[in-house]
Amino acid sequence: MIASSRVYRLNLPACSRDQCQIGISQAMPQRGPQVAHFSTDDVAPRERIAAWRALLFQSSLDVEIAHPADIPFRATATVRELPGLRILSGTSPAATYRRSTTRIEADDITLQFGSADHAAASLHRREADIARYDAFLLPCGDRATIHLPQASRFVALRLPRAAIAQNLASFEDNYCRRILQDTPALSVLRRYLGLLDDVTDALATPELQHTAVMHIYDLIVMTLGATSDAAEAAKGRSLRAIRLKAMKDDAARNLDDPELSVRTIAAQHKVTPRYVQRLFEESGETFTEYVVAQRLTRANRLLTNPRLTGRTVTSIALEVGFGDLSYFNRAFRKRFGATPSDVRATASSPS
13 MIASSRVYRL
23 NLPACSRDQC
33 QIGISQAMPQ
43 RGPQVAHFST
53 DDVAPRERIA
63 AWRALLFQSS
73 LDVEIAHPAD
83 IPFRATATVR
93 ELPGLRILSG
103 TSPAATYRRS
113 TTRIEADDIT
123 LQFGSADHAA
133 ASLHRREADI
143 ARYDAFLLPC
153 GDRATIHLPQ
163 ASRFVALRLP
173 RAAIAQNLAS
183 FEDNYCRRIL
193 QDTPALSVLR
203 RYLGLLDDVT
213 DALATPELQH
223 TAVMHIYDLI
233 VMTLGATSDA
243 AEAAKGRSLR
253 AIRLKAMKDD
263 AARNLDDPEL
273 SVRTIAAQHK
283 VTPRYVQRLF
293 EESGETFTEY
303 VVAQRLTRAN
313 RLLTNPRLTG
323 RTVTSIALEV
333 GFGDLSYFNR
343 AFRKRFGATP
353 SDVRATASSP
363 S
């Protein structure tokens, strides 16, 4: 029980946001310049709560942590820094987090959700009971408490209040309010964040990072309840783009299926085939053009792989989803300016 637990504090010097980000970078191995990982498994058991609190402090959150003393403390986190957005995701044990007064930053806000069946958040006299994948919004510049009675996964999105406040009629009314997990925009937001994790090069350039942040801002606005004009603008900018990306990813995962079609993708996403066609056409290519291009790219990659020289051209064509070998040969030559056999021969010849 939390009542029998001990409150741990770690006395850390105050630091600027830039200094705190540097602290994370130095403390944790990175996959790239904007992603850092942390696990309490890498820390001695008696130091884990202090280390976890230090990580949250370095992420601009100064909290006290109450944890059942008889349960091992295990937590993990991935911190992703984007322009105007920090994404903190990971796992937390059962605990109560109480934000202290020593690190108040007035402008930022945090939208959070997680996998706990039951949780609770409080801010002054407001309280919200949170169920699995429900979301809630808290200001980073005020005292708040989050209670997790069980271990769970979590995602916290931190962004400047000014980035979205102008699109919401009464911003403060959104604080510490339960947002149901099946809210359409919240469902799309969760899926979009998953796509960013799944696709290796989704954030490879500053332009892609900016686009992703704008999409996330729009989805947060719609999740919280935008004014009518802002909602329409956000819907036009983001929902269609996110749905198109999800459809393209699903198509790319199923290129080997010769039955892949507009209808199968439409069924997966519970929309009409015509809607799928429109989304692709708005991007400058048809569904069929996209699928053929992806299949040809994959075939070219397999044909030029020196470890696959024993594979026949026919077997590779079938593997990437072409059921008609003559069509494959024509399309391949049109795309790459050479037949599949010629490309293989060139790749296999000594340089």
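Numbering (my numbering), first residue to last: 13 to 363. Note that the Cβ used here is the ideal one computed from N, Cα and C, for glycine as well. Treat the numbers as computed from the prediction; the structure is a model and nothing was measured.
Pick from the options that is closest to residue i, judged by C-alpha positions
| i | options | result |
| --- | --- | --- |
| C188 | D262, D120, E139 and E59 | E139 |
| V47 | A216, R92 and P218 | R92 |
| L135 | E184, L100, G335 and A264 | E184 |
| L205 | W64, R98 and I191 | R98 |
| L160 | R173, P80, Y287 and R342 | P80 |
| D74 | D154, D210, D269 and L308 | D154 |
| T122 | A107, D194, S101 and H130 | S101 |
| V55 | R203, T88 and L149 | T88 |
| R110 | S127, A132, L94 and T90 | A132 |
Local conformation of residue i per DSSP, three classes
| i | result |
| --- | --- |
| A343 | helix |
| I34 | Unreliable positioning characterises I34 in this predicted model, as indicated by a pLDDT of 25, which lies under 50. The coordinate reading is nonetheless provided below. In this structure, I34 counts as helix in the three-state DSSP scheme. |
| F50 | strand |
| E297 | coil |
| D194 | coil |
| F348 | helix |
| I328 | helix |
| R307 | helix |
| R290 | helix |
| R313 | helix |
| D354 | helix |
| A156 | coil |
| S127 | coil |
| A359 | helix |
| S337 | Before going on, a small fix: residue 337 reads as Leu here, not Ser. Looking at L337 - three-state DSSP - the assignment turns out to be helix. |
| P172 | strand |
Supposed contact pair residue j and residue i - C-beta distance, whole angstroms, cut 8 Å
| i | j | result |
| --- | --- | --- |
| V355 | L267 | Incorrect: roughly 18 Å between the Cβ atoms, too far for contact. |
| L291 | L256 | 5 Å |
| L171 | G237 | That pair is no contact at about 17 Å. |
| L215 | A224 | 6 Å |
| E76 | S104 | Not really, about 14 Å apart at Cβ, beyond 8 Å. |
| Q162 | D129 | 7 Å |
| H222 | A253 | Rounded, the Cβ-Cβ distance is 13 Å, inconsistent with contact. |
Opposing strand residues paired with residue i [DSSP bridges]
| i | result |
| --- | --- |
| L320 | In DSSP, L320 forms no bridge with anything. |
| T103 | T88 and R165 |
| R110 | E76 and T157 |
field: Completely contained alpha helix (DSSP H) runs for the segment 200 to 288, where each covers 4 or more residues
entry: 218 to 236, 240 to 246, 252 to 265 and 274 to 281
message: Which runs of the beta strand (DSSP E) at least 3 residues long sit entirely within the segment 53 to 98? Give them in chain order.
response: 75 to 79 and 88 to 94
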